[in-house]
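K.L.:
Just passing along the structure, written as structure tokens.
Residue numbers (my numbering): 85 to 228.
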């Protein structure tokens with residue numbers, strides 16, 4: 085890829101991210117676009133500090149507070165889900181549709197599990213509760 089092709093590719097990605105933000109009622113800024121380019125395209129489930137470290141590589145002047153505030157805005161506007169999958173460990177998930185999670189015990193890596201792969205029954209029989217949303221979080225080891 086030539087330098088000019090790379091620049092055109094980068095401009096296209098930036099426009100895509102900015103357009104996605106606008107569709108969710110978010111005014112794009114350089115910082116918000118940089119956060120969006122990382123966190124909305126990753127397969128990982130990064131913490132806020134991991135997002136900050138990744139974004140600093142492309143935008144060194146971005147502050148930790150800006151990244152935290154941007155992540156909270158993205159959650160509020162429905163672009164991300166904030167997940168507490170372990171006590172004191174908040175991560176962000178760009179897949180906002182229904183799915184479950186599997187946490188690999190050896191690596192700590194979080195894998196998305198399709199919604200239909202897990203059969204949860206008898207939710208309607210939870211007397212005294214009205215369930216609006218749920219997800220299953222499994223922990224174990226991936227088979228080799």
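For each residue, glycine too, the CB sits at the ideal point set by N, CA and C.
Among 201, 216, 114, which has the Cα closest to the Cα of residue 208?
P.N.:
For the residues 201, 216, 114, the minimum Cα distance to residue 208 belongs to 216.
K.L.:
Under a CB-based cut-off of 9 Å, is residue 203 close to chain B?
P.N.:
Although the question refers to chain B, the structure presented lacks it and comprises just one protein chain.
K.L.:
Residue 166 bridges to which residues according to DSSP?
P.N.:
176.
K.L.:
Can you tell which of 164, 212, 222 has its C-alpha closest to the C-alpha of residue 203?
P.N.:
Cα-wise, what sits closest to residue 203 is 222.
K.L.:
Is residue 182 near residue 134, with beta carbons less than 9 Å apart?
P.N.:
Not in contact: residue 182 and residue 134 (Cβ atoms no closer than 9 Å).
K.L.:
Got a sec, what are the start and stop residues for the alpha helix (DSSP H) residue 221 sits in?
P.N.:
Looking at the DSSP string, residue 221 is not in any alpha helix (DSSP H); the run it does join, the beta strand (DSSP E), is 221–224.
K.L.:
Taking C-alpha atoms, which residue in 172, 177, 157 lies nearest to residue 166?
P.N.:
Measuring from the Cα of residue 166, the nearest candidate turns out to be 177.
K.L.:
Check whether the region 138–155 touches the region 119–129, counting contact only when three or more Cβ pairs, one atom from each stretch, lie closer than 8 Å.
P.N.:
Flag = yes, the region 138–155 and the region 119–129 touch.
K.L.:
Using three-state DSSP, classify residue 185 as helix, strand or coil.
P.N.:
Residue 185 falls in the strand class under three-state DSSP.
K.L.:
Within this structure, are the beta carbons of residue 190 and residue 227 separated by less than 9 Å?
P.N.:
Result no, Cβ atoms of residue 190 and residue 227 do not sit closer than 9 Å.
K.L.:
Do residue 163 and residue 129 count as a contact pair if the criterion is CB distance below 9 Å?
P.N.:
It is not a contact, given that the beta carbons lie outside the stated cut-off.
K.L.:
Give the DSSP bridge partners of residue 198, in chain order.
P.N.:
Answer is 183.
K.L.:
Among 179, 169, 185, which has the Cα closest to the Cα of residue 234?
P.N.:
No information on residue 234 is available, as it lies outside the stretch 85 to 228 that the chain covers here.
K.L.:
Kindly list the residues whose CB is nearer than 7 Å to the CB of residue 114, restricted to its own chain and excluding five residues on each side of it in sequence; keep chain order.
P.N.:
Excluding sequence neighbours, residue 114 sits near 143.
K.L.:
From the DSSP output, in three-state form, read off residue 154 for me.
P.N.:
If DSSP states are grouped into helix, strand and coil, residue 154 belongs with the helices.
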